[in-house]
Every structure is written in structure tokens, then in C-alpha cells.
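The sequence shown maps to residues 1 to 390 in UniProt numbering. Here a beta-carbon is modelled for each residue, glycine too, at the ideal position from N, C-alpha and C. So the structure is just underneath, and the comments pick up after that.
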Amino acid sequence: ALPTLLSYGHGDVVFGDDENWRAGLTPWELVEEDDRWYARGSADNKGQHCVNLAALEQVFQARGGRLGFNCKLLFEMGEEISSPGLAQLCQQHGDLLKADLFVASDGPRLNAVQPTLFLGSRGAVNFRLTITARDNAYHSGNWGGLLSNPGTQLANAIASLVNAQGVLQVAALKPSSLTQQVRDILRQIHVGGMPGDPEIDRDWGEPALTPTERLYGWNTLEVLSFLTGNPARPMNAIPGEATAVCQLRFVVGTDWENLAQHVRKHLSQHGFDNVNVEFMRGSPATRLDPTDPLVDWVLTSMAETSGKTPALLPNLGGSLPNEVFSDILGLPTLWVPHSYPACGQHGVNEHMLKSIAREGLQIMTRLLWDLGEQGRELVAKHRHHAGGAA
């Protein structure tokens, strides 16, 4: 039987933020300027899966109405809100979606000029911390020094979880997967320094790691929001409550499903028994074995097509619903992005670079052509490797 490819894309987008786009641009109309196509969804994700559909079309036409492999396409309209129902769909219709490998495009390349392959994604889990001391606020002059301040207490509680240099302090939430093999892969990668990139704070994060290892091989705890009192109209009063939403971005080898228990225990050990910990939502981290023969196949094909050395990332720094394909459907996952970090994804003036789209079309067409030529052999090598690894 012919090998079967499963691919994926999402047609939903984040809100437009119309009024803040540059003059002459709107999120809802495709505008071409120089090397850029501007529109909401141009990079995330309509432009990217359009490149892959065009590559499929080219191979289909060149082979006279056949691909040389079976192809299944799965598109969703909820990725930007954590893909509700996608996991259930794949669990219920696993036979319908059965395949031998998964190739798709989302997220950014490492930079605008370097073709990139990533093998999974970091996971993310959001949680809320709350201190409720009393129902009302009280005058800070009349009661200051006599009533506990939840804002002050919560700030110190958070500082026990992540210090002033951004270093994670909860030992139970640190990963076990930053192996020498992963470090060797990441040694070839350099983060930042491209036009549009923010300047990296070199002294932020785990001190023993390189910036690349911090982003792709380690966990970070971020404070997403912090509220106490009324920030818009502060009063001279001790607030009765403080709340913060935090997020752990994590790689494989992290006990994220027990995050609430780990945070609760850590806070109690540091004297913060009054902090309520609420697990909000989360998704697991994934990573295909970098030594899988399919990885070498994709990297070799990309290099021969582009004439460049592609970047290999063990996982994306952000998150995708990759666990649906790797864990539920049991597929080797290979992501070839056609965007770049300064594309304006989730912000104003979102755009896709025509140069990346053109190179992406060339890369994907060659990759799919080779799959039609070598698919059975590639799948057999993957299965042999996976069986040996097991």
C-alpha cells in the first residue's frame, strides 16, 4: 500500500485590531507591498497551508493526476482558542485519520533567511494565584501597618516561584530532558539579532544555559497579569484581594499535570499558605526523536532545494496542538514553517514574506515529490527506528 501523509492547517485568526494597523492597511484585505503580503491570517495560518496545498497541486499535476502517496488534510477553525474538540475528534475518528507521517506548517522559522524544521512544541499551562484577605478595602492611613496587604504578599509569593532574574525556583517544575544530544543540536542555533527582533536580555533566565537552550530546551514561568486595587484609579486604601495569572512554558520531561500540587507545596514551604492556586488550562509538550530517519530525510531535502543549511529545532518555543497528532494519532510530526519571527503574528500589520512563500513552495514540492518516490522506504526506516527505540 502507498504511504499516507496527514497534514493540517487552521483557518481561524485572532481579532483584527483594525484601528491600529498602519495607514493603507486593513486586516481584512490582502495588500501587496514589496516583499510582503499584508492581511490577518497571512502568516498565521492561511498563507502557510496555502503554500502546502499549492505544492500538493504541483506534484499532482506533474505526475499526471497522482501523488505517489495517499494524503489526508485536517483543517480546524479553533486553534487560536486552544483547539476545542480537536483531540476528541481524533480520538473518535482515529481510523479515518490513520496515517504514516505528519507534515504541516505553522509558527515561524528561526529567521527570515533560514529554512527550519521543528519536531514538536513546548507545552503551556496557565494558573491563577489569589489572596483574599477581606471583602473590603480599608484606608491606608488608618489601617496601614495593622492589616495585611494581599498585593504585597502575592508579589512576594510570586518572587518565591521565579526570582528577580527570571529563574524558575520550583525544582519539581524543572525539566529532565535537556540532554547532551539536545544541547548539541541547539549549539548550531542562534536566537535574535534580526530586523524587528527585540534585544535579548542576556542576564535573564537560567544562568547556566545559553539563550537558545533557555528558549528551546528549558522551562520558563511568566507573570501574564497582576491585579490588586484599581490600577486605573488607585485609592489610598489597602486592597482586600490580589490575583495574578501565571504561565509555565515547558519542554518534554516536565510534570506539568501536577503543577497545582507542586506550586501549592512550594508556596506553603515558603510561608504562603494563604495563596489559592487554581489550575486553568494546559497542553502537553511534544518532541519527535531527532535521530528518527525522517528528520534526516527532511533536512537533506530542504538543504538540496534551498542551497542553505536548515535549522533543526527539537521543538518550537511556542505551543501547537501537536500532541493530538503525536500522542493520540501516534504519528511522527515534522513541521516546516513558512513564516518568520517579525511577521506581526497576533499583532498589527501581520504579513507573509513572498520570498519565504516562494522558497517554501519549492521546499514542500520537492519534499512531497520525494515522498512519492521514496515513501515506502522512508516509512519502513521510521518504523524500524521506532521499534528499536521502544
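Setting aside the 5 residues that flank it on each side, E323 is surrounded in the same chain by P284 and T286, each with a C-beta closer than 6 angstroms to its C-beta; the list follows chain order. The stretch 17-59 contains, as complete beta strand (DSSP E) runs of 3+ residues, the segments 31-33 and 36-38 (chain order).
If only uninterrupted beta strand (DSSP E) runs of at least 3 residues are considered, those enclosed by the stretch 80-109 are 101-104.
Looking at the DSSP output, H351 shares a beta bridge with Y38. Its chain contains T130 and L227 as the residues whose beta carbon lies nearer than 6 angstroms to that of T243, once the 5 sequence neighbours on both sides are disregarded; these appear in chain order. Only residues of its own chain outside the window of five on either side were considered, and among them I328 have a CB closer than 7 angstroms to the CB of Q91, listed in chain order. Taken in chain order, the complete beta strand (DSSP E) segments of 3 residues or longer contained in the stretch 329-375 are 333-335 and 351-353. For the pair Q61 and W369, the Cα-to-Cα distance works out to about 11 angstroms. Bounds of any beta strand (DSSP E) do not take in E304; it lies within the alpha helix (DSSP H) bounded by P293 to S306.
DSSP, reduced to helix, strand and coil, places H385 within a helical segment of the structure shown.
In the three-state reduction of the DSSP assignment, A242 falls in the strand class, which pools E and B. Partner residues in the beta bridge of Q247, as assigned by DSSP, are N126 and E222.
K174 sits in coil when the DSSP states are folded into three classes, being neither helix nor strand. Each of H346, P332 and P341 was checked against the Cα of K381, and the nearest Cα belongs to P332. The beta carbon of S160 sits closer than 8 angstroms to those of Q169, H266, L267, H270 and F272, all from its chain and outside the five residues before and after it, given in chain order. P108 places its beta carbon less than 9 angstroms from that of Q345. Out of G123, V191 and D135, the CA that lies nearest to the CA of L173 is found in G123. Judged by DSSP in its simplified three-state form, T254 adopts coil rather than helix or strand. The DSSP-derived three-state label of R63 is coil.
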